[in-house]
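Engineer: The sequence shown maps to residues 5 to 294 in the working numbering. Glycine included, each C-beta is placed from N, C-alpha and C at the ideal position.
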Amino acid sequence: MQMRSRKKMAVRVMAWMAGMLALTAASLAFATPRASVENNPRIDPRIIGGNEVSRGKYPFMASLQFDGQHFCGGSLYRQDVVITAAHCVNDVTDRNAAEHTVTIGQTLLSDGIGAQRRRIRAVAISTLPASDLALVFLDKRVSGVVPVSLPTLGSDALYRPGQTATVMGWGNTDAELPFFPNRLREVDVPILAPEECAASYEGYELGTHFCAGVRGKDSCQGDSGGPIIRSVGGRVYQIGVVSFGEGCAEQGAPGVYANLSSGELWNSLRFIWVQPARRKGLHTVGSNRR
Numbered sequence: 005m006q007m008r009s010r011k012k013m014a015v016r017v018m019a020w021m022a023g024m025l026a027l028t029a030a031s032l033a034f035a036t037p038r039a040s041v042e043n044n045p046r047i048d049p050r051i052i053g054g055n056e057v058s059r060g061k062y063p064f065m066a067s068l069q070f071d072g073q074h075f076c077g078g079s080l081y082r083q084d085v086v087i088t089a090a091h092c093v094n095d096v097t098d099r100n101a102a103e104h105t106v107t108i109g110q111t112l113l114s115d116g117i118g119a120q121r122r123r124i125r126a127v128a129i130s131t132l133p134a135s136d137l138a139l140v141f142l143d144k145r146v147s148g149v150v151p152v153s154l155p156t157l158g159s160d161a162l163y164r165p166g167q168t169a170t171v172m173g174w175g176n177t178d179a180e181l182p183f184f185p186n187r188l189r190e191v192d193v194p195i196l197a198p199e200e201c202a203a204s205y206e207g208y209e210l211g212t213h214f215c216a217g218v219r220g221k222d223s224c225q226g227d228s229g230g231p232i233i234r235s236v237g238g239r240v241y242q243i244g245v246v247s248f249g250e251g252c253a254e255q256g257a258p259g260v261y262a263n264l265s266s267g268e269l270w271n272s273l274r275f276i277w278v279q280p281a282r283r284k285g286l287h288t289v290g291s292n293r294r
């Protein structure tokens with residue numbers, strides 16, 4: 005199952021890179037004044053059919069950047085911890101950590117208004133074969149931003165099929181001709197029943213995954229690691245992390261998300277890299293997340 009799900013992610017990465025090479029070779033007319041995410045080979049899979057987000061609507065939203073260019077999304081979980089996908093950060097080491105930054109509160113990639121930029125001091129990822137969750141520990145606390153709320157462990161109240169969730173990111177907005185926006189975008193997607201997801205993906209794991217999406221509305225390349233949320237009683241809950249999918253917004257191929265109510269997922273988190281000079285003060289990794 006692990007090989008199958010990772011293969012799907014790899015296929016999407018390779019398809020994106022091939023598309024970008026073809027697009028660049030064909031014409032420069034598609035260039036836009038946004039940050040040059042198209043030229044970043046680190047961009048990972050996983051908004052189609054969505055809308056632009058107004059500045060400051062999601063202050064907890066994070067952009068993971070390599071050499072100043074966006075490659076994955078994330079969300080502020082604690083004042084110095086960001087949630088993202090494991091496949092976004094599983095190759096961060098002491099040799100390349102200085103080239104990675106995390107920006108919180110940014111809406112437009114081309115400017116830094118309202119944004120706080122931090123460096124990475126440690127990374128913890130899930131060790132489960134089919135999981136895709138990671139915590140990124142920042143070198144300094146983020147000020148003036150309320151972290152996103154998470155669901156109660158083991159609860160399925162926010163995951164009932166048919167309910168609407170919202171996923172956001174700076175990822176590809178066109179399933180046929182890749183286009184990566186400068187402004188953060190969002191799209192509402194229906195949560196699907198587990199059996200629908202299992203029928204679409206051999207690598208689907210009931211305990212750690214859930215699916216959402218419909219033809220024409222989905223997360224896509226560049227949205228990986230970003231949040232999928234639900235608003236209940238005036239409070240925003242992040243219920244999952246953008247993980248993988250077959251293509252984008254296709255019939256019978258919804259987006260797959262890491263399930264943040266899974267105690268199994270949180271208990272599997274382990275540090276894979278810690279900056280030697282920053283070992284003190286790291287939070288315990290595991291299910292005691294609050």
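(1) Taking 7 Å as the threshold (C-beta atoms), are residue 273 and residue 260 in contact?
(2) On the DSSP letters alone, give me the boundaries of the alpha helix (DSSP H) that residue 76 sits inside.
(3) Residue 85 by DSSP, collapsed to three states: which one?
(4) Give the DSSP bridge partners of residue 120, in chain order.
(5) With a threshold of 7 Å on Cβ separation, who are the neighbours of residue 96 within its own chain once the five nearest residues in sequence on each side are excluded?
(6) Closest to residue 229 by C-alpha separation, out of 164, 270, 217 and 140, would be which residue?
(7) Mapping the DSSP letters down to three states, classify residue 263 as helix, strand or coil.
(8) Pairing CB atoms from the segment 72-88 with CB atoms from the segment 222-236, are three or more of them under 8 Å?
(9) Going by other Cβ atoms of all chains shown within 10 Å of its Cβ, with 16 needed for buried, is residue 222 buried or exposed?
(10) Between the segment 159-171 and the segment 240-253, do three or more beta carbon pairs fall short of 8 Å?
(11) Considering only their Cβ atoms, is the gap separating residue 212 from residue 263 smaller than 7 Å?
(12) Apart from the five residues on each side of it in sequence, which residues of its chain come closer than 8 Å, Cβ to Cβ, to residue 280?
(13) Considering only residues of the segment 179-221, which uninterrupted beta strand (DSSP E) runs meet the minimum length of 3 residues and lie entirely inside it, listed in chain order?
(14) With a threshold of 8 Å, are at least 3 pairs of Cβ atoms found where one atom belongs to the segment 112-122 and the other to the segment 131-139?
(15) Give the range of the beta strand (DSSP E) segment to which residue 171 is assigned.
(16) Strictly by DSSP, which residues pair up with residue 277?
(17) Using only CA atoms, which one of 77, 235 and 59 lies nearest to residue 154?
(18) Take residue 147 and list the residues in its own chain whose beta-carbon comes closer than 8 Å to its own, dropping the five residues that flank it on each side.
(19) Does the beta-carbon distance from residue 108 to residue 80 come in below 7 Å?
(20) Where do the N-terminal and C-terminal ends of the beta strand (DSSP E) with residue 93 fall, by residue?
(21) State the DSSP-derived secondary structure class of residue 139, mapped to helix, strand or coil.
(22) In angstroms with no decimal places, state the Cα-to-Cα distance between residue 59 and residue 238.
(23) Using only the alpha-carbon positions, how far apart do residue 286 and residue 180 sit?
Structural biologist: Quick answer:
(1) no
(2) It is not in any alpha helix (DSSP H) - residue 76 instead sits in the beta strand (DSSP E) that spans 73-82.
(3) strand
(4) 108
(5) 104, 124, 127 and 277
(6) 140
(7) strand
(8) yes
(9) Around the beta carbon of residue 222, 16 or more other beta carbons sit within 10 angstroms, so the residue counts as buried.
(10) yes
(11) yes
(12) 98
(13) Qualifying beta strand (DSSP E) stretches, in chain order: 189-194 and 213-216.
(14) Result no; under three Cβ-Cβ pairs closer than 8 Å.
(15) 168-173
(16) The partner list for residue 277 (beta bridge, DSSP) reads 127.
(17) For residue 154, the closest C-alpha among the options 77, 235 and 59 is that of 235.
(18) 83 and 120
(19) yes
(20) No beta strand (DSSP E) holds residue 93; the alpha helix (DSSP H) holding it covers 90-93.
(21) strand
(22) Near 19 Å, if we compare the C-alpha coordinates of residue 238 and residue 59.
(23) 43 Å
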